[in-house]
Amino acid sequence: MRDGARMRTRRCVSACTWLVPLLTGLTFLAAEPPRPAPAASAATAVSPASAVSAASAATAASVVAADSGRAVPDPAVPDPAVPDPAVPAVARHWPVGDRPAVLRGWEPPATPYGPGHRGVDLAAADGVPVRAVAAGRVSFAGPVAGRGAVSLELAGTGVPPLRTTYTPVEAVVKKGDEVSAGEVLGTVEPPGPHCTSCLHWGLLRGDVYLNPLSLLPPWLLDAGPSRLLPVLGVPLPGGRTQVSPARLATPWRPPPP
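The opening residue of the sequence shown carries number 0 in numbering that gives the first Met the number 0; numbering runs sequentially from there.
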């Protein structure tokens, strides 16, 4: 009997030895509340379908651009065809001619020292007068890298003022001269390595290059030669007379295709 009692006592002690740690661990796990999963904010959450759709659209655009031979546009580089809203349209004249052909447009560089075309090239034969597009003060007139150049600070365009540059030009003005819109600054020099028979026209505010075509208001950018209509109010055959303004002028427009 005594041996049986001792055996049962040993079994109870052994079972308690395993049971106590087990119950302690279960109690600890039950006491710790489950941690909630982090919720994605509405601003940052993107569903996999949206991500795949956006990636597919970007890939498709790249493929189409590559097939068509066009460069994929960089959103960090401004579109040269869009006028700069920070530039007031104060021009009253083209630098050369009435509506010169643009041989090369404005190609803003992606970085301050990156490749690009910091201005526009306007078709102009050597000897053609170069005029101030707006009133201002001559800030420079002289040679730059062996070519004549004129720089003009435009009046009433803020601080620092807008500054237009013209090259290659044989200047007839000097630094400090006040000029009005349309006044002759010089003449186009013979063609050089930059372009064949052209005037390079630039625009800056401080050290930042801008699109010079933004200076031109729509009526000047799209202007063509004026065309006079017949004089009205002149007696017609039969004694009839048209009563209306004596003279009218309308801007020229090309005939419809």
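Beta carbons are placed, not taken as given, at the ideal position from N, Cα and C, and that holds for glycine.
Would you please state the rounded distance, in angstroms, between the beta carbons of residue i and residue j? I believe it to be under 8 angstroms.
i, j, result
"Leu209", "Leu203", "7 angstroms"
"Val282", "Val168", "The displayed coordinates of the chain run from 0 to 256. Any statement about residue 282 would go beyond what the structure contains."
"Leu184", "Ala131", "6 angstroms"
"Gly96", "Pro211", "Contact doesn't hold; Cβ gap of about 15 angstroms is too wide."
Between residue i and residue j, is the Cβ-Cβ spacing less than 8 angstroms?
i, j, result
"Gly205", "Ala170", "no"
"Val178", "Ala140", "no"
"Arg103", "Ser138", "no"
"Ala122", "Ala90", "no"
"Ala180", "His92", "yes"
Please list, in chain order, all residues of the same chain as residue i whose beta carbon is under 8 angstroms from its beta carbon, the five residues on each side excluded.
i, result
"Asp125", "Thr186, Val187, Glu188, Pro189, Pro190 and Ser196"
"Pro160", "Gly135, Glu152, Leu153, Ala154 and Arg204"
Drop a sphere of 10 angstroms on the beta-carbon of residue i, count the other beta-carbons inside from all chains shown, and report buried for 16 or more, exposed for fewer.
i, result
"Val158", "exposed"
"Asp221", "exposed"
"Trp218", "exposed"
"Gly113", "exposed"
"Val86", "buried"
"Pro108", "exposed"
"Val201", "According to the sequence as given, residue 201 is Gly; it is not Val. Buried, because 16 or more other Cβ atoms sit within 10 Å of the Cβ of Gly201."
"Ser243", "Because the pLDDT at Ser243 is just 36, under 50, the model does not fix this residue reliably, and the value given afterwards should be weighed accordingly. So Ser243 counts as exposed."
Taking 7 angstroms as the limit between beta carbons, can you name the residues of its chain near residue i, skipping five residues before and five after?
i, result
"Glu31", "Residue placement at Glu31 is flagged as unreliable, the pLDDT there being 48, under the threshold of 50; a coordinate-derived value is accordingly withheld."
"Lys173", "Val137 and Ala140"
"Pro94", "Leu121, Val129, Arg130, Val132, Tyr165, Leu198 and Trp200"
"Thr156", "Pro87 and Val89"
"Thr110", "none"
Beta-carbon within less than 6 angstroms of residue i's beta-carbon, same chain only, minus the 5 sequence neighbours each way: which residues are those?
i, result
"Asp176", "Val137"
"Glu182", "Ala131"
"Thr166", "Arg146, Ala148 and His199"
"Val127", "Val95 and Val187"
"Thr207", "According to the sequence provided, residue 207 is Val. The question's Thr does not apply to it. Closer than 6 angstroms at Cβ, skipping near neighbours: no residue."
* If you scan the segment 192-220 from start to end, which runs of the beta strand (DSSP E) of 3 or more residues do you find wholly inside it? -> 197-204 and 207-209
* **Contiguous beta strand (DSSP E) assignments of at least 3 residues, all confined to the segment 73-141** => 101-103, 119-122 and 128-130
* Asked: Residue ranges of each beta strand (DSSP E) run of no fewer than 3 residues wholly in the segment 139-192, ordered along the chain?
  -> 146-153, 161-166, 168-170 and 183-187
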